[in-house]
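Here the numbering used here is used: the sequence shown runs in plain steps of one and ends on residue 376. For each residue, glycine too, the CB sits at the ideal point set by N, CA and C. Because the structure is a prediction, the values reported are computed rather than measured. One structure is given here, and the rest of the page talks about it.
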Amino acid sequence: MAALLLVIVLMATTVPHHVSSFTSNPARPSSSSSSRGANRINRGGTTIPLPQLFQPLYSTKESNTNTIDINNDGTLISTTTNNNNNRVSISKPPIHWTVPNFKVGYQDPITGQWFDEDGPRNGPPQNYWRQSADEREYNDDMSVVDAVLSSFDIESKVQHLEHRCSVRRPSLSRKMLGVWAPIMLGGDCMVYNDRPSDDGGMIEIPFLVEIRRSQGRRFGPKNHYGIFDLKLQSGEDLAVVTTNTNTNTGEGDDDDGSSMMISAKIKADEKNEPMDLGKVMGREEGGADADTAHPRLQFGGITYLSDYAMVQRRPDGAIDFFLRVDRNYLGATKEDKARYHLV
């Protein structure tokens with residue numbers, strides 16, 4: 034018995050944890066601002082909280098983070114630095130329900146009772162099979178985030194995503210466009226590990242990466258699920274821009290890392306070959322080595338792409354993992370439709 038307890042203790046203490054504040058479960062809608070009901074369900078004297086759908090994708094802390102403003106169309110507007118530190122605080126993106134405007138249902142694992150935002154219901158909701166598929170994809174992507182944060186089982190989790198990637202030409206996919214948080218670059222974790230383990234579901238990274246059309250945003254035709262960015266054409270002009278507000282406006286590979294901003298003009302290419310874009314300002318807390326303090330940014334070599342995550346492989350097989358920050362993947366908003374005359 035003593036030997037069994039020793040094994041359990043060793044297993045619990047073996048895995049190093051950088052950050053443990055992210056939650057793995059996909060967010061579901063609440064009706065806290067809706068006339069359809071409160072954000073809690075009372076059943077038989079038991080109060081069941083409804084999970085929140087939309088949480089902030091990024092936020093700031095006055096002591097050590099940057100304010101980063103994003104346009105309604107997903108492009109970066111401006112940045113403001115607090116206390117000369119270069120950190121961006123982000124949370125996991127909300128889940129994208131493929132079928133819009135339907136009530137998300139879930140089941141009490143103890144009683145078997147089904148619920149949606151209005152309360153108890155008889156059985157699963159319509160399109161529950163699609164909801165389940167959406168949740169599986171979301172959970173698979175977020176499991177890689179958790180693996181990176183814990184520095185455990187990263188390669189196998191990433192390979193699982195790569196093996197089920199259904200995007201034929203990821204370097205021309207509309208899902209590539211947007212604002213991304215580099216969680217891992219060249220196999221090195223870019224997340225600061227000096228925050229409390231329970232920090233409101235947020236993690237901190239040194240910069241963001243935006244991939245956008247050089248000639249402005251373009252939309253495809255409306256379909257049953259909404260209006261989304263138009264698929265890229267090979268040879269189309271793109272811009273890859275990093276946002277790190279604790280730098281000057283210069284670019285390049287300065288030895289001291291003081292001017293490591295990247296604004297690269299590239300061409301969309303179905304060959305998906307990796308391109309080195311130069312050094313950027315990375316993590317600089319105590320003990321950071323050259324790979325984390327001044328990592329190199331690559332574009333191309335995409336092996337997995339979804340609404341929430343993008344994986345690139347370096348020529349040596351090292352992993353780049355990016356987490357979605359903007360909400361363009363949810364489709365055109367009312368503001369987008371008015372601005373781009375989509376209605």
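Item to complete: Name the two residues that bound the continuous beta strand (DSSP E) containing Met175.
Response: From DSSP, Met175 is part of no beta strand (DSSP E) but of the alpha helix (DSSP H) over Tyr161 to Ser183.
Practice prompt. Determine the contact status of Tyr341 and Pro126, defining contact as a CB-CB distance below 7 Å.
Written response: yes
Worksheet item: Measuring CB to CB, does Val344 end up less than 7 Å from Val137?
Response: Between Val344 and Val137, the CB-CB gap reaches or exceeds 7 Å.
Worksheet item: In whole angstroms, what is the alpha-carbon distance linking Val224 and Leu265?
Response: 31 Å
Worksheet item: What is the DSSP secondary structure of Thr325, counted as helix, strand or coil?
Response: helix
Fill in: Expected contact under 8 Å - CB spacing of Ile123 and Ile238 to nearest Å
With a Cβ gap of about 7 Å, Ile123 and Ile238 count as contacting.
Practice prompt. Give a yes or no on whether the C-beta atoms belonging to Asn361 and Ile335 are separated by under 7 Å.
Written response: No. Outside cutoff.
Practice prompt. Give a yes or no on whether the C-beta atoms belonging to Ala214 and Leu182 are separated by under 7 Å.
Written response: no
Fill in: Beta-carbon spacing of Gly315, Ala297 below 7 Å
no
Worksheet item: Do Val273 and Ile244 have their C-beta atoms within less than 7 Å of each other?
Response: yes
Item to complete: Report the rounded CA-to-CA distance for Leu363 versus Ser339, giving the unit in angstroms.
Response: 12 Å
Item to complete: Could you tell me if Val132 is buried or exposed, where buried requires 16 or more neighbouring beta carbons within 10 angstroms of its beta carbon?
Response: That one is exposed.
Practice prompt. Please confirm whether Lys352 and Gly211 have their CB atoms less than 7 Å apart.
Written response: First, the residue type needs correcting, since residue 352 is Ile and not Lys in the sequence shown. Not a contact, by the Cβ cut-off of 7 Å.
Practice prompt. Can you tell me the Cβ-Cβ gap for Ser247 and Leu263, rounded? I've got them flagged as a contact below 8 Å.
Written response: So it is not a contact: roughly 14 Å between Cβ atoms.
Fill in: Enclosing beta strand (DSSP E) for Lys243 [first to last residue]
Note that residue 243 is Glu in the sequence shown here, rather than Lys. First-last of the beta strand (DSSP E) with Glu243: Leu241 to Arg246.
Fill in: For Tyr139 and Phe148, the rounded distance between their alpha carbons
Roughly 6 Å between the two C-alpha positions.
Discussion item. Among the candidates Asp227, Gln331, Ser184 and Phe252, whose CA atom is the shortest distance from the CA of Arg120?
Written reply: Asp227
Fill in: Coil, strand or helix - Asp227 by DSSP
coil
Fill in: C-beta contact flag for Met217 and Phe354 at 7 Å
yes
Worksheet item: Nearest to Ser269 by alpha carbon, out of Ile299, Ile295, Asn155 and Phe252?
Response: It should be noted that the sequence gives Glu, not Ser, for residue 269. Comparing alpha-carbon positions, the option among Ile299, Ile295, Asn155 and Phe252 lying closest to Glu269 turns out to be Ile299.
Item to complete: Measure the alpha-carbon distance for Leu83 versus Pro158 and round it to whole angstroms.
Response: Annotation note: pLDDT 29 at Leu83 (below 50); position unreliable, coordinate value reported separately. Cα to Cα, Leu83 sits roughly 16 Å from Pro158.
Fill in: Among His374, Val358, Tyr373 and Thr276, the one whose alpha carbon lies nearest that of Ile128
Val358
Item to complete: Output the distance between the C-alpha atoms of Lys312 and Val177, rounded to the nearest integer angstrom.
Response: 25 Å
Worksheet item: When DSSP labels each residue in this structure, what does Arg202 get in the three-state scheme?
Response: coil
Practice prompt. Have a look at His374 and Leu356 and give me their C-alpha separation to the nearest angstrom.
Written response: 30 Å
Worksheet item: Which term fits Lys367, buried or exposed, when burial requires 16 or more other beta carbons within 10 angstroms of its beta carbon?
Response: Classified as exposed, Lys367 has fewer than 16 neighbouring CB atoms from the shown chains inside 10 Å of its CB.
Worksheet entry | Per-residue burial, Thr275 [other beta carbons within 10 Å of its own, 16 or more giving buried] | buried
Worksheet entry | N-terminal and C-terminal residue of the beta strand (DSSP E) that Leu310 is part of | Met308 to Lys312
Discussion item. Could you tell me the alpha carbon to alpha carbon distance between Arg169 and Trp162, rounded to whole angstroms?
Written reply: 11 Å
Discussion item. Quick check on the DSSP output: the beta strand (DSSP E) that includes Arg357 runs from which residue to which?
Written reply: It spans Ile352 to Arg357 - the beta strand (DSSP E) in which Arg357 sits, taken as one unbroken run.
Fill in: Candidates Asp167, Ala180, Lys255 and Met294, of which the one nearest Asp369 by Cα
Each of Asp167, Ala180, Lys255 and Met294 was checked against the Cα of Asp369, and the nearest Cα belongs to Lys255.
Fill in: Burial state of Glu188, where buried means 16 or more other Cβ atoms lie within 10 Å
When all chains shown are included, Glu188 counts as exposed.
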